[in-house]
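Residue numbers (the working numbering), protein chains in the order written: chain E, 1 to 377; chain L, 378 to 754.
Number of protein chains: 2
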Amino acid sequence: MHSDISAADTHAADLQTLNVELGERSYPIFIGKNLLSRAELLLPYIRGKQVLIVTNTTIAPLYLEQLKSTLGRLQVDEIIIPDGEQYKTLATMELIYDKLMSARHNRKTTLIALGGGVVGDMTGFAAATYQRGVDFIQIPTTLLSQVDSSVGGKTGVNHPLGKNMIGAFYQPRCVLADTTVLQTLTDRELAAGIAEVIKYGLIIDKPFYAWLLENTAALYRRDQAALIYAVYQSCANKAKVVAADEREETDHRALLNLGHTFGHAIETAQGYGQWLHGEAVATGMQLAAQLSQQLGYISQQEILQLRQLLQQANLPVVPPQDMTASQFVDLMGRDKKVIDSRLRLVLLRQIGEAFVAADVTAQQVADFLIQQGLAPH
Amino acid sequence: MHSDISAADTHAADLQTLNVELGERSYPIFIGKNLLSRAELLLPYIRGKQVLIVTNTTIAPLYLEQLKSTLGRLQVDEIIIPDGEQYKTLATMELIYDKLMSARHNRKTTLIALGGGVVGDMTGFAAATYQRGVDFIQIPTTLLSQVDSSVGGKTGVNHPLGKNMIGAFYQPRCVLADTTVLQTLTDRELAAGIAEVIKYGLIIDKPFYAWLLENTAALYRRDQAALIYAVYQSCANKAKVVAADEREETDHRALLNLGHTFGHAIETAQGYGQWLHGEAVATGMQLAAQLSQQLGYISQQEILQLRQLLQQANLPVVPPQDMTASQFVDLMGRDKKVIDSRLRLVLLRQIGEAFVAADVTAQQVADFLIQQGLAPH
Numbered sequence: 001m002h003s004d005i006s007a008a009d010t011h012a013a014d015l016q017t018l019n020v021e022l023g024e025r026s027y028p029i030f031i032g033k034n035l036l037s038r039a040e041l042l043l044p045y046i047r048g049k050q051v052l053i054v055t056n057t058t059i060a061p062l063y064l065e066q067l068k069s070t071l072g073r074l075q076v077d078e079i080i081i082p083d084g085e086q087y088k089t090l091a092t093m094e095l096i097y098d099k100l101m102s103a104r105h106n107r108k109t110t111l112i113a114l115g116g117g118v119v120g121d122m123t124g125f126a127a128a129t130y131q132r133g134v135d136f137i138q139i140p141t142t143l144l145s146q147v148d149s150s151v152g153g154k155t156g157v158n159h160p161l162g163k164n165m166i167g168a169f170y171q172p173r174c175v176l177a178d179t180t181v182l183q184t185l186t187d188r189e190l191a192a193g194i195a196e197v198i199k200y201g202l203i204i205d206k207p208f209y210a211w212l213l214e215n216t217a218a219l220y221r222r223d224q225a226a227l228i229y230a231v232y233q234s235c236a237n238k239a240k241v242v243a244a245d246e247r248e249e250t251d252h253r254a255l256l257n258l259g260h261t262f263g264h265a266i267e268t269a270q271g272y273g274q275w276l277h278g279e280a281v282a283t284g285m286q287l288a289a290q291l292s293q294q295l296g297y298i299s300q301q302e303i304l305q306l307r308q309l310l311q312q313a314n315l316p317v318v319p320p321q322d323m324t325a326s327q328f329v330d331l332m333g334r335d336k337k338v339i340d341s342r343l344r345l346v347l348l349r350q351i352g353e354a355f356v357a358a359d360v361t362a363q364q365v366a367d368f369l370i371q372q373g374l375a376p377h
Numbered sequence: 378m379h380s381d382i383s384a385a386d387t388h389a390a391d392l393q394t395l396n397v398e399l400g401e402r403s404y405p406i407f408i409g410k411n412l413l414s415r416a417e418l419l420l421p422y423i424r425g426k427q428v429l430i431v432t433n434t435t436i437a438p439l440y441l442e443q444l445k446s447t448l449g450r451l452q453v454d455e456i457i458i459p460d461g462e463q464y465k466t467l468a469t470m471e472l473i474y475d476k477l478m479s480a481r482h483n484r485k486t487t488l489i490a491l492g493g494g495v496v497g498d499m500t501g502f503a504a505a506t507y508q509r510g511v512d513f514i515q516i517p518t519t520l521l522s523q524v525d526s527s528v529g530g531k532t533g534v535n536h537p538l539g540k541n542m543i544g545a546f547y548q549p550r551c552v553l554a555d556t557t558v559l560q561t562l563t564d565r566e567l568a569a570g571i572a573e574v575i576k577y578g579l580i581i582d583k584p585f586y587a588w589l590l591e592n593t594a595a596l597y598r599r600d601q602a603a604l605i606y607a608v609y610q611s612c613a614n615k616a617k618v619v620a621a622d623e624r625e626e627t628d629h630r631a632l633l634n635l636g637h638t639f640g641h642a643i644e645t646a647q648g649y650g651q652w653l654h655g656e657a658v659a660t661g662m663q664l665a666a667q668l669s670q671q672l673g674y675i676s677q678q679e680i681l682q683l684r685q686l687l688q689q690a691n692l693p694v695v696p697p698q699d700m701t702a703s704q705f706v707d708l709m710g711r712d713k714k715v716i717d718s719r720l721r722l723v724l725l726r727q728i729g730e731a732f733v734a735a736d737v738t739a740q741q742v743a744d745f746l747i748q749q750g751l752a753p754h
């Protein structure tokens, strides 16, 4: 069992700390086991006497009381929102604002997101906009949110016509990524997180990708050392990309969108919440890799290797067969990464090196999707 | 007629430019006559090919077509919202987002606020949050918004339990303060703006206050040279305060709230839209001045002088008599300037010098209000 996590062994410990360097908005990510109980990590980042914990109906019964007892004698209020991407809306934001107002939270309050990406994105946006900005702390409880939402400062909600269309860039004061809580994740949600972990290997870190070829099985059976290593490595890679382009002003940060333009089309077509984000990204990465191969970048063997890797975590690798190529392209075109009507896609020059292709036409993508078995219209 | 605007004569010209210095977020305020038609001022600040003009039902029939023809061949979309503070809500924000999405505005779009403070605050907040931040330009059409919203970067909407509780700090790319459009303002709205102009004299600029003692009548009859001077001077004073405290992290920026804590209580009690913001601020300033006098700072004569000055513009100087002292204090306590339950008020040490008093108790304020004729409960 140890042989397949040797790289993790080198790095594993009960607590890893990664500092995300963003000048005066720098913050630490604490990664490790049983962090929810460690008041000494959390309390130094709370400046006032008020805290609002935002969590959801799935997480609250599991971890809310534990967190509240860690917070001790502060004024701790809570709001429990329904679980699911379909609730990542302005309507839910209003519930958070209502709670803050009715409990009279002042400008020194701290919002704590206890949950997955949906809870994190909304809590961050609420913190960015309540009284024009208050503190917030992320405690991501899914693997996806630990590796994705911990770094980057993206907060916001969906619009009926597109994902994440309303939001702000806003950094947390600190992040607690407790790998112990991943024990209660469903296999399907864990796999969705593994998809994003694999993404970091694909776009920027070939050695990590090589480690994943050996250790994805260990991640999938929730080996703690492997999880700590994978979360650390993913966050470090994301931080590297984000530090170069905090507000998405160049192409660089777009690399993080590998698989996402295809993925968003799938999520939108199926309605939010049917496919998990990570599942859509997995299929999106597989499509992006195949298109990269067609354009002469990566090899057929690497395509198959990626497919096997994704399937080790039971991730989907083909798009929903009830989608048509033209619907797909239309939904990709509504994605915000389209600038001045030109389609921009993240592709793979090689494993471990992604790039932004700005010259792929909608027609090319449609033809490619038809080859993948989708009906034209 | 000229004798009472001599100071304005010195500065007046068809176009004044004030640069608000905020590092990489610096921007110019253009102040002058007939600016709506001057494409050469506006177009350099529009980076993409798309523009959304946000305006209201009062302003649209007067100035929308003029602005559209100035913008020429860009993709110019428009949204016309109902006029009034009661529409400064998340529900109205959704209409703006809906328009941006359905017209497929991309991340290079520019939002233009054509209207008063409500339009400016919401358009700024929409720009701050659409796709996590796009450009925006302010074209304030009321005197109040020209002197208040042009500087400071405050954007947002009201919550049913408090004004401006949801928002962001976000700077425009430029501001066009066209004094010609003030011709179509009602006297009441003009006066509301004059209240804020007087505020700048009171808090930080005694010479300007002296000028106002001579020239408020000229402002009230819409003398263009006097208006240009007053807008310039007000914005310059506000910029001076804001530059020292862009994100309201010290007490300094709080000076701008002279009259606002009292004023917000009046607005909230009466329901948004009954008293104009500037009217509530006028009464609030008068109350703050009287409290300052009671505490031994300014003289009884200066109180009377201020009252006369406000009355020159037909501004109200006594609170609504149907409010009780305890209701008043309760509503002041719900204001966001309260930190850790301590009441903070901006008072006058002397004319032209405001300060933040953190030690006034709710009981003191209640007693003071009872002396002003309000019932205790």
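Using N, Cα and C, we set each Cβ at its ideal position, and we do this for glycine too.
query                                                                                                                        : result
Spatial neighbours of D251/E in its chain, beta-carbon cut-off 7 Å, leaving aside the 5 residues before and after            : V356
Cβ neighbour criterion (16 or more within 10 Å) applied to R47/E                                                             : exposed
Cβ of Q508/L within 8 Å of any chain E Cβ                                                                                    : yes
Segments assigned beta strand (DSSP E), at least 3 residues, entirely inside the region 277 to 353 of chain E                : 345 to 350
Pairwise C-alpha distance: Q16/E and M499/L                                                                                  : 43 Å
Residue from Y63/E, G373/E and A192/E with nearest C-alpha to L309/E                                                         : A192/E
For P517/L: DSSP bridge partner residues                                                                                     : G492/L
Chain L contact for K88/E (CB, 8 Å cutoff)                                                                                   : no
Neighbour flag for I266/E against chain L, beta carbons, 8 Å                                                                 : no
Test: D335/E CB closer than 8 Å to a CB of chain L                                                                           : For D335/E, the predicted model reports a pLDDT of 46, less than 50, meaning its position is unreliable; a value from the coordinates is still stated below. Closer than 8 Å: no.
The region 547 to 562 of chain L / the region 501 to 517 of chain L touching (three or more Cβ pairs under 8 Å)              : yes
Touch test, the region 140 to 158 of chain E against the region 483 to 496 of chain L, Cβ-Cβ under 8 Å, three pairs minimum  : no
Reduced DSSP secondary structure (H/G/I, E/B, other) of N237/E                                                               : helix
Where D736/L falls, given that 16 or more other Cβ within 10 Å makes a residue buried                                        : exposed
P376/E versus A505/L - alpha carbon distance                                                                                 : 39 Å
Identity of the residues DSSP links to Q274/E by a beta bridge                                                               : Paired residues: none, contrary to the question.
Separation of Y229/E from E94/E, as counted between CA atoms                                                                 : 37 Å
Alpha carbon of Q363/E to alpha carbon of Y464/L, nearest angstrom                                                           : 44 Å
V151/E to I79/E span [Cα, whole Å]                                                                                           : 24 Å
Exposure label - N164/E; buried when at least 16 CB within 10 Å                                                              : buried
Same chain, Cβ closer than 6 Å to E65/E, five either side skipped, listed in chain order                                     : none
Chain-order list of residues whose beta-carbon lies under 7 Å from that of T351/L (same chain, five-residue window excluded) : Residue 351/L cannot be examined here, being either before or after the span of chain L that is shown, 378 to 754.
Local conformation of K88/E per DSSP, three classes                                                                          : coil
Through-space distance from K99/E to D712/L, alpha-carbon basis                                                              : Summary for D712/L: the model assigns pLDDT 46, below 50, so the residue's position carries little reliability; its value from the coordinates is reported in the next sentence. Each residue's Cα considered, the two are about 16 Å apart.
Beta-carbon spacing of V742/L, M709/L below 8 Å                                                                              : yes
P61/E: first and last residue of the uninterrupted beta strand (DSSP E) it sits in                                           : Neither: P61/E is in no beta strand (DSSP E) and is coded neither H nor E.
Segment limits, beta strand (DSSP E) that includes K576/L                                                                    : No beta strand (DSSP E) contains K576/L, which is instead part of the alpha helix (DSSP H) from D564 to I581.
Proximity to G296/E [Cα-Cα], best of L347/E, Q146/E, L161/E and A195/E                                                       : L347/E
F705/L at chain E interface by Cβ criterion, 8 Å                                                                             : no
Cβ pair count under 8 Å reaching 3, the region 591 to 600 of chain L against the region 689 to 697 of chain L                : yes
Anticipated Cβ contact below 8 Å, I203/E with L144/E, distance rounded                                                       : 16 Å between Cβ atoms; not a contact.
Any non-hydrogen atom of the ligand ADP closer than 7 Å to G263/E Cβ                                                         : In the structure on display, the ligand ADP does not appear, and there are no ligands present to speak of.
Burial state of K583/L, where buried means 16 or more other Cβ atoms lie within 10 Å                                         : exposed
Within chain L, partners of L256/E - CB distance below 7 Å                                                                   : Residues of chain L passing the Cβ test: none, with the nearest at roughly 14 Å.
CA-to-CA distance, I406/L to G497/L, given in whole angstroms                                                                : 14 Å
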